[in-house]
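*Asks:* Can you read through this structure? Questions will come right after.
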């Protein structure tokens, strides 16, 4: 379904050209959960953006069902995200003071679905993530775990074939993280949805069917948690990349056009 | 924390939120600019007259002043000079006149002086005479360069002087400029030797004033002796009495413009306050960061106050510069109606107090606007609430708070209405209460509008409306701040402009009733004599017109200005045969029929209600009127509005006036035409009878009405200018604030884009939410503006005594509402378009 071939992606941090992704290839199939594991600055979020068609690789191809998503026009990229993708963020990005059920259904409005129909469809998903009793509560009245479940329901409400999840458990404690990840995995397997899960948490990565470890933009072989050493090194590398990404976000702002090498890699936390 | 750190901390904050700082600065600067410009314009009017008067009167302390333009015998000066204790006594003629040259005409104060005048050491004579050696025997006039330039003459040229309905050719001895005599060159004063001025004005051996300088310590005795000489046939006044009179005359209008300028400053404060509200989440986080770093609340307070002082000082300086330009280019024209009775110059006078008040107002306003951030510093929110927030906080006003606000708004509105009914003198407080009520009611109205929009999105397929409503709900504080900016601007503008329109309608109504009594009007001079106070002798050719078949009748009107109890009162004395001597719509107290009858019988007067109150006379009582024949009692038959002349108005019987003023001169001739003669034909007939060289002006009633309307609009134009500037400032502030708000919203827009909303949809969401905010704000502002108009009209009527009646300015409110909404919406279109193209990738960036 999703195929990344020999992807290379650079970005500029000051005078320095940073190789954010270096020759990465991966595939993701329907009903499969793949975790991209690595420390901050290892290139995980850049890969996510590439998969979403929000930035183009300098080398290589990103294909979804055979279509080169990097070459989509702005309109087609919008359609691609609207029809095929669902997103889950670490920071939830729910709209404050809006009922949970409406937060779930909002995405459907982009498709021109009526408000009433959007609510009806959102209803199914809000039940499915176990929040039927909390459906009318705004995010402020939900726990962090419940917020992320709402976010998952929102990601799935349009029945996407691929869910891109960026550190979805970053703000959750371990028990809530487990619940959320279990839910993602279950939905993936039951509904045939592919999930690309970006995380730097080995426990989160353990929920995936496959774990791909990234370091310095390269895909490594080996399992998560085999030893502490690689992780410590990753953290050090990540700190350097954070600084570079910070500079990038200040220099380029947020205008990561489809063809511009100004994407916001993970770790760009300056804004 | 050392104070030296404060500038650095401010710099840090400025770098973080330059747009917010700029917005706050714009708001304050706008208010300061208006306050400063209005103050300068107001003080320039009175100060220019004071300087002119001071230039003429010099060291004199008293003036014997004629009660009629025809003056009194110059021989009186010998009696004055003979008084023990008089150091100097100078006979003077001061007459309102106009001069005409090839490039136009100008109204001037014609002053005739003798060598005695030099003893008073008045700056005017010292300047004019000192520079050019005014020859007391010369048959020529010295004039200021600006006036000479305005009418297109120079030294040695001839010009035409028009006075008392006569046109006299005169020679310009010299024109003196600012580089020679300083600011006095802006005084509209033309000086000549007394004999020459007496000859060209036809006054013969009569003078209008004797300026008296007593010896030190002899003031009381001299004053008493002068009173005996005056014998109640002319006035003994302080020589700067004219300056007092103009302060009184200009006071009401200046209070009105001052009030509206103050409203603009309040709106400026609210602009600044709103600009600060726009960055509540960011600022809270910044404060939390600093507190986590160990800054105490007092240190943070010191920092905020320092920030406010810097912002206030910079914005106020900017406002002073803007205000300076406003006063030069927009508010430069003095209200024309004051020139009917006073020598108003064109000098722009900026005093230290003008600068100090505007600057202090701006800095003070900024400190007030700091209240919100200070409240954050002292709030009981836990330290890490904002710091650890993972997404934008919900900023809505809680329901219970909204209810309290609504209750407070209801109380304030009730207070405003009570003031209107019970205690009109507190109307300013009522207007302020309405403005505050408007802001308090906004959160509830906006919440209601969002709910309605949300429900409407169910009923229709307008899904984007639902998204827009959600965005507004999520940004409730910002949305309220934006709506409040628009609402207050529309409120202020509708209230001010509505009251202004009410005033104009009242003046127009009186003007129409006044001129409608005749088909053709003959009077002396031009705009400066719009109130028909300049006397002239009726030429025989005009008297002969009465026998023409085209003319049905001709009536002689008299009148002028009379100084009564510290006020320069406008006296209108129409003939006993005048069909409607009292404008019925202006009657305040008394019976129209009874008052008309008593006026025709003589021995009665109709006074404006303010003047009657000032004199302490009620209808049926006697008022004492100083006349050239002595002070006479007249029965007060009724009271009216002041007919547009704020110091006060008196209607007298024309025959009474002729007798008491001992003059056959008239101030206007009203001519009724026979049926079949058109006004245009009548105009031609009268004009040809007077001949080409006449100094009299012939107008049809329509032409005269047009002149009156033009002058009343010019006189009150400053109110319109203030209201337009408030709107302009609001449009700029709102456009900037909305652009900033849209820009701050990009993260959530990026999330929408990530969910598959295309840029067009995101743009529509932005436009919808802006439209919703603007519509609610402007509509509510228009509604409250109408209530404000009710109060402002009442206040203006009470303050100025003008003939004004409230008539709800629905069209104005609608147009202002539509205009503000449209302009701000258009202004947000471009930034909205740019923001809608935000990269979805932005949603992946952290804070």
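Protein chains in written order, with our numbering: chain A, -15 to 255; chain B, 3 to 849. Beta carbons are placed, not taken as given, at the ideal position from N, Cα and C, and that holds for glycine. Computed from a prediction, not measured in an experiment: that's the story for all the values here.
Rounded to the nearest angstrom, what separates residue 641 (chain B) and residue 533 (chain B) at their Cα positions?
*Replies:* Approximately 19 Å, taken between the alpha carbons.
*Asks:* Is the Cβ of residue 807 (chain B) closer than 9 Å to any Cβ of chain A?
*Replies:* False, the Cβ-Cβ gap to chain A never drops below 9 Å.
*Asks:* Here's the rule: buried if 16 or more other CB atoms are within 10 angstroms of the residue's CB, otherwise exposed. What is residue 269 (chain A)?
*Replies:* What the structure shows of chain A is the stretch from -15 to 255, and residue 269 (chain A) is not part of that stretch, so it cannot be assessed.
*Asks:* Exposed or buried, residue 791 (chain B), counting other C-beta atoms within 10 Å across all chains shown (16 or more means buried)?
*Replies:* The residue in question, residue 791 (chain B), is buried, as its Cβ has 16 or more Cβ neighbours within 10 Å.
*Asks:* Are the Cβ atoms of residue 164 (chain B) and residue 95 (chain B) separated by less than 9 Å?
*Replies:* Not closer than 9 Å, so no.
*Asks:* Between the alpha carbons of residue 179 (chain B) and residue 776 (chain B), how many angstroms are there, rounded?
*Replies:* Distance between the alpha carbons of residue 179 (chain B) and residue 776 (chain B): 52 Å.
*Asks:* Using the rule of at least 16 other Cβ atoms within 10 Å of the residue's Cβ for burial, across every protein chain shown, is residue 5 (chain B) buried or exposed?
*Replies:* Label assigned to residue 5 (chain B): exposed.
*Asks:* Taking 9 Å as the CB-CB limit, is residue 921 (chain B) close to chain A?
*Replies:* Past the edges of chain B, shown from 3 to 849, lies residue 921 (chain B), and the structure says nothing about it.
*Asks:* Let me check understanding here. Comparing Cα to Cα, which of B:494, B:760, B:652 and B:536 lies closest to residue 782 (chain B)?
*Replies:* Answer by Cα proximity: B:494.
*Asks:* How far does the alpha helix (DSSP H) with residue 149 (chain B) in it extend, from its first residue to its last?
*Replies:* It spans 147 to 153 - the alpha helix (DSSP H) in which residue 149 (chain B) sits, taken as one unbroken run.
*Asks:* Mind listing which residues of the segment 112 to 126 of chain A have their C-beta closer than 9 Å to chain B's C-betas, in chain order?
*Replies:* Correct list: 122, 123 and 124.
*Asks:* With 7 Å as the C-beta to C-beta threshold (strictly closer), list the residues of the segment 814 to 847 of chain B near chain A in chain order.
*Replies:* If the cut-off is 7 Å between Cβ atoms, the segment 814 to 847 of chain B has 840, 841, 842, 843, 844, 845, 846 and 847 near chain A.
*Asks:* Hey, residue 181 (chain A) and residue 843 (chain B) are a contact pair by Cβ (cut 8 Å); roughly how many whole angstroms apart?
*Replies:* The pair is not a contact, with the Cβ atoms about 18 Å apart (cut-off 8 Å).
*Asks:* Going along chain B, which residues have a C-beta under 8 Å from residue 39 (chain A)?
*Replies:* The answer, in chain order, is 843.
*Asks:* Using only the alpha-carbon positions, how far apart do residue 674 (chain B) and residue 514 (chain B) sit?
*Replies:* In a straight line, the C-alpha of residue 674 (chain B) is about 16 Å away from that of residue 514 (chain B).
*Asks:* Using the beta-carbon of each residue, which ones in chain B are nearer than 8 Å to residue 145 (chain A)?
*Replies:* The contacting residues do not exist; residue 145 (chain A) stays about 14 Å from chain B at best.
*Asks:* On the three-pair Cβ rule with 8 Å, is the segment 109 to 122 of chain B touching the segment 80 to 99 of chain B?
*Replies:* The answer is yes - the segment 80 to 99 of chain B touches the segment 109 to 122 of chain B, with three or more Cβ pairs under 8 Å.
*Asks:* At a CB distance below 9 Å, what residues from the segment 740 to 751 of chain B approach chain D? Give them in sequence order.
*Replies:* Although the question refers to chain D, the structure presented lacks it and instead comprises the protein chains A and B.
*Asks:* Which residue wins for smallest C-alpha separation from residue 143 (chain B), given the options B:176, B:151 and B:156?
*Replies:* For the residues B:176, B:151 and B:156, the minimum Cα distance to residue 143 (chain B) belongs to B:176.
*Asks:* What span of residues does the beta strand (DSSP E) with residue 591 (chain B) cover, start to end?
*Replies:* Where residue 591 (chain B) is concerned, the enclosing beta strand (DSSP E) stretches over 589 to 591.
*Asks:* Mind checking residue 206 (chain A): buried by the 16 CB within 10 Å criterion, or exposed?
*Replies:* Residue confidence for residue 206 (chain A) is low, a pLDDT of 45 falling below 50, so the modelled location carries little weight; the figure read from the coordinates is stated next. Under this definition residue 206 (chain A) is an exposed residue.
*Asks:* In this structure, what does DSSP give as the bridge partners for residue 52 (chain A)?
*Replies:* Residue 52 (chain A) is bridged to A:47.
*Asks:* For the 8 Å Cβ check, are there 3 or more pairs between the segment 26 to 33 of chain B and the segment 308 to 320 of chain B?
*Replies:* Because the criterion of three Cβ pairs below 8 Å is met, the segment 26 to 33 of chain B and the segment 308 to 320 of chain B touch.
*Asks:* Is the CB of residue 98 (chain A) under 9 Å away from at least one CB in chain B?
*Replies:* Residue 98 (chain A) counts as touching chain B.
*Asks:* What separation, rounded to the nearest whole angstrom, lies between the Cα atoms of residue 840 (chain B) and residue 95 (chain A)?
*Replies:* Distance between the alpha carbons of residue 840 (chain B) and residue 95 (chain A): 19 Å.
*Asks:* Find the residues of chain B that neighbour residue 150 (chain A), judging by a C-beta separation of less than 8 Å, and give them in chain order.
*Replies:* The answer, in chain order, is 846.
*Asks:* Go to residue 819 (chain B), then tell me how far its alpha helix (DSSP H) extends in each direction, as first and last residue.
*Replies:* Counting along the chain, the alpha helix (DSSP H) containing residue 819 (chain B) begins and ends at 812 to 838.
*Asks:* Drop a sphere of 10 angstroms on the beta-carbon of residue 654 (chain B), count the other beta-carbons inside from all chains shown, and report buried for 16 or more, exposed for fewer.
*Replies:* The residue in question, residue 654 (chain B), is buried, as its Cβ has 16 or more Cβ neighbours within 10 Å.
*Asks:* Count the other C-beta atoms from every protein chain shown that fall within 10 angstroms of the C-beta of residue 55 (chain B), then say buried if there are 16 or more, exposed otherwise.
*Replies:* Its Cβ being crowded by 16 or more others within 10 Å, residue 55 (chain B) is buried.
*Asks:* Name, please, each residue of chain A whose Cβ falls closer than 7 Å to the Cβ of residue 468 (chain B).
*Replies:* Those within 7 Å of residue 468 (chain B) in chain A are 93 and 99.
*Asks:* List the endpoints of the continuous alpha helix (DSSP H) containing residue 485 (chain B).
*Replies:* Run containing residue 485 (chain B): 478 to 517, per the alpha helix (DSSP H) assignment.
*Asks:* Taking the C-alpha atoms as reference points, what is the distance between residue 367 (chain B) and residue 312 (chain B)?
*Replies:* When rounded, the distance between both Cα atoms is 12 Å.
*Asks:* To the nearest whole angstrom, what separates the beta carbons of residue 213 (chain B) and residue 65 (chain B), a pair I think is in contact under 8 Å?
*Replies:* Correct: roughly 5 Å between the Cβ atoms.
*Asks:* Please name the residue in B:524, B:560, B:502 and B:323 whose C-alpha comes closest to that of residue 808 (chain B).
*Replies:* It is B:502.
*Asks:* At the 9 Å Cβ level, is residue 90 (chain A) part of the contact set with chain B, yes or no?
*Replies:* Cβ-Cβ to chain B under 9 Å: yes for residue 90 (chain A).
*Asks:* Would you say residue 58 (chain A) reaches chain B, if we count a Cβ-Cβ gap shorter than 9 Å as a contact?
*Replies:* Closer than 9 Å: yes.
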